[in-house]
Amino acid sequence: MSESSRNQEERSLHFIQRIIEDDLATGKHTSIVTRFPPEPNGYLHIGHAKSICLNFGLAEAYQGRCHLRFDDTNPEKEEMEYIESIQKDVQWLGFDWKEHLYFASDYFQQLYDIAELLIKKGKAYVDSLTPEEVKEYRGTLTKPGRPSPDRERSVEENLDLFRSMRAGDFPDGTYVLRAKIDMESPNLNMRDPALYRIKHASHPRTGSQWCIYPMYDYTHPLSDAFEGITHSICTLEFEDHRPLYDWCVIESEFPHQPRQIEFARLNLTYTVMSKRRLLNLVRDGHVEGWSDPRMPTISGIRRRGYPPQAIRDFSERIGVAKTYSTVDFALLEHCVREDLNIHAPRAMAVLDPLKVVITNYPEDQVEFLEADNNPEDPSAGSRSIPFSRELFIEREDFMEHPPKKFFRLSPGKEIRLKHAYYVTCTDVVKDDEGTVIELHCTYDPASRGGWTDDGRKVKGTSHWVSASHAWESDVIIYDKLFTSEVPGAETGDYLDDFNPDSKQVIPGCKLEPSLKETAPGTNVQFLRKGYFFSDPDVSQPGNPVFIKTVGLKDTWAKKMKQS
RNA sequence: UGGCCGAUAGUGUAAUGGUAGCACGACAGAUUCUGGUUCUGUUUGUGAGGGUUCAAAUCCUUCUCGGCCAGCCA
313 MSESSRNQEE RSLHFIQRII EDDLATGKHT SIVTRFPPEP NGYLHIGHAK
363 SICLNFGLAE AYQGRCHLRF DDTNPEKEEM EYIESIQKDV QWLGFDWKEH
413 LYFASDYFQQ LYDIAELLIK KGKAYVDSLT PEEVKEYRGT LTKPGRPSPD
463 RERSVEENLD LFRSMRAGDF PDGTYVLRAK IDMESPNLNM RDPALYRIKH
513 ASHPRTGSQW CIYPMYDYTH PLSDAFEGIT HSICTLEFED HRPLYDWCVI
563 ESEFPHQPRQ IEFARLNLTY TVMSKRRLLN LVRDGHVEGW SDPRMPTISG
613 IRRRGYPPQA IRDFSERIGV AKTYSTVDFA LLEHCVREDL NIHAPRAMAV
663 LDPLKVVITN YPEDQVEFLE ADNNPEDPSA GSRSIPFSRE LFIEREDFME
713 HPPKKFFRLS PGKEIRLKHA YYVTCTDVVK DDEGTVIELH CTYDPASRGG
763 WTDDGRKVKG TSHWVSASHA WESDVIIYDK LFTSEVPGAE TGDYLDDFNP
813 DSKQVIPGCK LEPSLKETAP GTNVQFLRKG YFFSDPDVSQ PGNPVFIKTV
863 GLKDTWAKKM KQS
């Protein structure tokens, strides 16, 4: 058996794949068409990324196609800026809608014509109830609604009124076109839902061409039908809308019948995902905009340095189901690390510098040592780094009175300076307050390159930079946006769990010379510290500003924390 | 005393009447010029009761718990 056919047998399908394979096997469809249908009223977040990966991924896997369609039926909330950012986000994830870019607003005329058809069939009527009255007539969850006095208006009068609505004869809110379905339905969506409302508002794409706009529940199924969508995948809260979805397609007498399938949206620990909460974070200044690297927005994680491939991998791993679920943030970070471990070149940066003088190293000598750029990828090559008498190491890599199993530097102990030499600490220099300000060490010339063949056991390895060659820079450390898994679970207010230390600017970090030339928007691993990214928004060529993408796993720090 | 949907290790997700598996996490160990990576092992699960069956996570039934719905938002 070949490897690929074994994989075929072992793979397990999620329920949507199963539906698709079924439809393909029975000949219901010869190929599939999916769509990603955002409303351009905000920035996309990682929950949308799940949907994008699902829809475009399915199309890819089954050699179908996936449309990008903007659901732009509410001009009061939608803007061109969002249309652009959404396209950028989808492309960044690596998906291509090719020529299949659509706008619900392109269907306004077609939608209007079908609305007239519905009126003529006696399936829709113009209602003059006020919004308050509509609400009252609708009934409640447990009480059936009752018919509007306008429900039995004649076809001629409905048509006339509807045309007047379109002509702009009425102010906002005076009339609404409603589907005539069933005011007593236990499903509130079927109690004569609104199809069209009057809005004298300028639309980002159609301008002032229209003053009536179709509702989502009417627009969406018909748009799907127009485009030949076979599987219309949406989130769970639309389950109740499915009967209405089907009603619209059937009553429109449009030949193609798409199928709506619902799946559970993504929730993530330690963050919030709703548009309202995200907006509040931005508006109230808790973060610095929609693309703040702490935000779960696609633009945020892009700026944070999360690779798109990691997001796609994550989307695959979290699965697709109908169960409400909250995915562990750790899984996302795992996917990011896994990708970056293979792709990010290594470099050395000392974030909290402690000076080291190599007392037996010649004063004016500088030598260049060879360092591999990525042990996981030999093709990444190597670079040479300067070594000299005065260096910086990480302050936390030294302890005067170390606990058991501390492998790093302490008085009398020998460690390896990565790619360089073994050094032994001989003296500790302190200031008047007793703070360690400098270390004196000796080096072993025989250990050049960081290795000897004499079988010596050197357990600890530290990163370092040459004091006179390093350049200084602020480095920004980002941490989780919230301190609790489910923000607001305790108090009811998610802002109570906002992490005030989610952004820390670390001044005076010492970076190895090669880092200076990092192009904006490049992932690198600061050896033993974590993955960092040259902030594409503020970096300049020749002057990168590094922000932390995600830390390396740190079992030592974890152990220290426990004790 | 409305309707719809859901419930499998800590988390997420498989098993579609026939050995409850995988991933992440946690824990332990091995390896390692990154306390990273890699590798090995351990831990923990079918919401509850009843029924059908040789056999039930799966089918039936009752219950429990959770989610969504009363925009002229999507």
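Every position in the first sequence, counted from 1, becomes a number in this note's numbering once 312 is added. Ideal placement from N, C-alpha and C gives every residue a C-beta, glycine not left out. As the structure is a computational prediction, the values presented were derived from the model and not from experiment.
Euclidean distance between Cα positions of residue i and residue j
i    : j    : result
S722 : F327 : 58 Å
Y806 : P567 : 47 Å
E802 : L590 : 19 Å
W409 : P443 : 39 Å
D866 : P620 : 25 Å
K362 : L827 : 34 Å
T671 : P687 : 31 Å
D504 : R490 : 6 Å
D739 : R606 : 42 Å
P674 : S696 : 20 Å
T834 : F845 : 5 Å
L507 : I613 : 37 Å
Y582 : I398 : 24 Å
Chain-order list of residues whose beta-carbon lies under 6 Å from that of residue i (same chain, five-residue window excluded)
i    : result
K587 : G354
Q837 : A656, R658 and Y843
S544 : D536, P570 and Q572
I630 : V639
D494 : M502
V648 : Y618, A622 and V862
S314 : For S314, the predicted model reports a pLDDT of 34, less than 50, meaning its position is unreliable; a value from the coordinates is still stated below. Cβ neighbours of S314 beyond the five flanking positions: none.
A869 : none
F368 : C378 and F407
Per-residue DSSP class, three states only, for residue i
i    : result
V402 : helix
T442 : coil
Q320 : Residue confidence for Q320 is low, a pLDDT of 38 falling below 50, so the modelled location carries little weight and cannot support an answer.
H341 : coil
S314 : Annotation note: pLDDT 34 at S314 (below 50); position unreliable, no value reported.
Q852 : strand
V467 : helix
I426 : helix
F566 : coil
I541 : coil
G434 : coil
V594 : helix
K362 : helix
C523 : coil
Y734 : strand
L807 : helix
T773 : strand
I493 : coil
F844 : strand
Q677 : coil
H877 : An answer regarding residue 877 cannot be provided, because it is not within the stretch 313 to 875 covered by the chain.
G369 : helix
D682 : The displayed chain sequence assigns Glu, not Asp, to residue 682. It is a strand residue.
Q254 : Beyond the ends of the chain as shown, which are 313 and 875, falls residue 254; an answer cannot be given.
Y449 : helix
S627 : helix
Residues of its chain near residue i, where Cβ-Cβ distance is below 8 Å and the 5 sequence neighbours each way are ignored
i    : result
G485 : T442, P443, R509 and I510
W876 : In this structure the chain extends from 313 to 875, so residue 876 is not present and cannot be described.
Cβ neighbours of residue i in the same chain (closer than 7 Å, five flanking residues each side left out)
i    : result
S851 : P832 and V857
K258 : Residue 258 falls outside the range modelled here, since the chain spans only 313 to 875, and no answer is possible.
E824 : A659, M660, A661, I697, V777 and A782
Within 8 Å, strictly: CB atoms of residue i and residue j
i    : j    : result
V770 : L703 : no
H379 : I610 : no
P665 : K822 : yes
K841 : S814 : no
L370 : I344 : yes
V662 : E712 : no
D481 : D462 : no
K634 : F575 : yes
I859 : Y790 : yes
N290 : T830 : Here the chain covers residues 313 to 875 and nothing more, so residue 290 does not appear.
S774 : D709 : yes
G359 : R577 : yes
Y449 : S466 : no
T531 : A416 : yes
- Does the pairing of the stretch 752–763 with the stretch 727–735 give three or more beta-carbon distances under 8 Å? yes
- Query: Is there contact between the stretch 509–519 and the stretch 378–388, where contact requires at least three CB pairs shorter than 8 Å?
  - Reply: yes
- Item | the stretch 422–429 in contact with the stretch 631–650 per 3-pair CB rule at 8 Å | no
- Task: Report yes or no: do the stretch 397–409 and the stretch 334–346 share at least 3 C-beta pairs separated by less than 8 Å?
- Result: No, the stretch 397–409 is not in contact with the stretch 334–346.
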